[in-house]
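According to our numbering, the sequence shown is numbered sequentially starting from 14.
Cβ atoms here follow ideal geometry from the backbone N, Cα and C, with glycine treated the same way.
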Amino acid sequence: MSSTSYPESPKDWRGRFIANQAGALARRGDVRLSLWAPPGQLPAHVATATTPADALWLARLSKQGGIAHLLRTRKALAAGTILTLLARLGRTYRRQPADVVHVNWLQNALPLWGTTTPALITVLGSDFGLLRLPGMKVLLRSVLRQRRAILAPNAEWMRPALEQAFGDLAEIRPIAFGVDDPWFEVVHRPAAGNARQWLAVTRLTRDKIGDLFAWGEGLFDGERQLHLFGPMQEMLELPSWVRYHGPTHPADLLENWFPQACGLITLSRHDEGRPQVMLEAMAAGLPVLASDLPAHRDMVQHRVTGWLAASRDELSQGLDWLEDPMHNRATGQAARDWVKETIGTWDGCAGRYVAAYQNLLERSA
């Protein structure tokens, strides 16, 4: 398995889903997993495929915010970094024996060129930005042409565009990520002073914040509070009414914030797959108030599991509607039920991946 993101410690926000993904696969008795990723605590029964030199380089890349962040903010540096990534990962693919390569992010599939190992390639929303770069689809098609491959977007809404670009060369099989059991076990309690707390958990970039600051002006105060969590990846001026806490981690959200929140809010304009924090919030029984994007429509049923807003007026209406105790309880429970029935756990996700691996090996036989 390859990934350019991985949590350095349990309190690190980066690449949490990769650790969950690897851990769930390693719990199975029919998979022997090696992981090429930035340094961090590996789950039991996962071997490292990362050389010491690669680990140092990946650690530096993580501290710089990763490839996508460099492409947004430091394009000249990004070009050289991408070439180095392709060279290092290409050597790993050729050095490490594998029946199937599990690739996270399309960019990490490019170094497979010249090999024939079957590949399962996880596709995320941010990959759609990569696909808009000149020549990228042609390069990826040349890689897919050399092997059996399954492209596995983590949300159904990505299937049509992937079918159009690559459906003649690879199977497109959406595979949803999972949610760990503790999120389903969150018990709600009133916030101190009965304040109505809304949470925004996101990387701080202009596209990820979207219209939150502009539309939220005048809607939040001491009684209705907006608590913002996440790393500052672009220098943004925060309004005085925003309560910014910096980066967070799952244990902090589970123990201190999700139990007393009214809901999660995201007005992102960013390419989204199926945001993991939204799944975790819904599993915890929190309604989600979200911008009207394809990724959000794929998850949030308006007035059933949350609220979709395409304007400031709709945001204001959604806040009022979801703060009604009866609506809040009903939408929160519906959100939890939807995640449990439609998404399931990481162990279920691992089972879907293993079925895909087996299909690839059967076709290669």
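I'd like to know whether the C-beta atoms of residue i and residue j end up nearer to each other than 8 Å.
i, j, result
"L292", "V192", "yes"
"L428", "L280", "Because the chain is modelled from 14 through 378, residue 428 falls outside the range shown and cannot be assessed."
"K353", "F197", "yes"
"L46", "M14", "yes"
"L143", "Q120", "yes"
"G286", "L137", "yes"
"I31", "A369", "no"
"L373", "R161", "yes"
"L98", "T17", "yes"
"W211", "A274", "yes"
"E247", "R219", "yes"
"P260", "W26", "yes"
"A303", "V313", "yes"
"A37", "C362", "yes"
"H240", "R256", "yes"
"V116", "I134", "yes"
"E236", "R209", "yes"
"T105", "W49", "yes"
"L232", "L74", "no"
Taking the beta strand (DSSP E) that residue i belongs to, which residues open and close that run?
i, result
"L48", "46-48"
"V151", "Unbroken run through V151 is the alpha helix (DSSP H), 149-157; no beta strand (DSSP E)."
"Q238", "237-242"
"T135", "132-136"
"P166", "162-166"
"T215", "From DSSP, T215 is part of no beta strand (DSSP E); its letter is neither H nor E."
"A62", "Counting along the chain, A62 falls outside any beta strand (DSSP E), and DSSP gives it neither H nor E."
Which of the three DSSP states is assigned to residue i in this structure?
i, result
"A208", "coil"
"A189", "coil"
"W126", "coil"
"N117", "strand"
"S281", "coil"
"G93", "helix"
"E184", "strand"
"S75", "helix"
"V367", "helix"
What separation, rounded to the nearest whole angstrom, lies between the Cα atoms of residue i and residue j?
i, j, result
"P147", "A347", "42 Å"
"I222", "W270", "20 Å"
"H340", "P252", "29 Å"
"G357", "I188", "11 Å"
"A227", "L306", "18 Å"
"P110", "T130", "9 Å"
"D140", "W118", "6 Å"
"Y366", "Y19", "19 Å"
"K150", "R101", "22 Å"
"P23", "G243", "15 Å"
"Q34", "Q238", "34 Å"
"T318", "M295", "8 Å"
"V301", "V156", "38 Å"
"D337", "L249", "32 Å"
"H315", "A205", "29 Å"
"A323", "D265", "30 Å"
"L321", "M245", "25 Å"
"R342", "D326", "23 Å"
"V113", "V59", "15 Å"
"R41", "P52", "23 Å"
Over what stretch of residues does the alpha helix (DSSP H) that includes residue i continue unbroken?
i, result
"P173", "172-179"
"T290", "Looking at the sequence shown, residue 290 is not Thr but Val. Element bounds for V290: 289-296."
"R40", "Per DSSP, R40 belongs to no alpha helix (DSSP H) and is neither H nor E."
"D350", "338-351"
"W196", "194-197"
"G229", "225-229"
"F141", "140-144"
If you measure from the CB of residue i, is any heavy atom of the ligand NAP nearer than 7 Å?
i, result
"R172", "By its list of ligands, the structure shown contains no ligand whatsoever, and the ligand NAP lies outside what it can speak to."
Which ranges does the alpha helix (DSSP H) cover as unbroken runs of at least 4 residues, wholly within the stretch 303-335, from first to last along the chain?
-> 307-310
Ordered list of beta strand (DSSP E) runs contained in the stretch 243-282, each at least 3 residues = 255-257, 276-279
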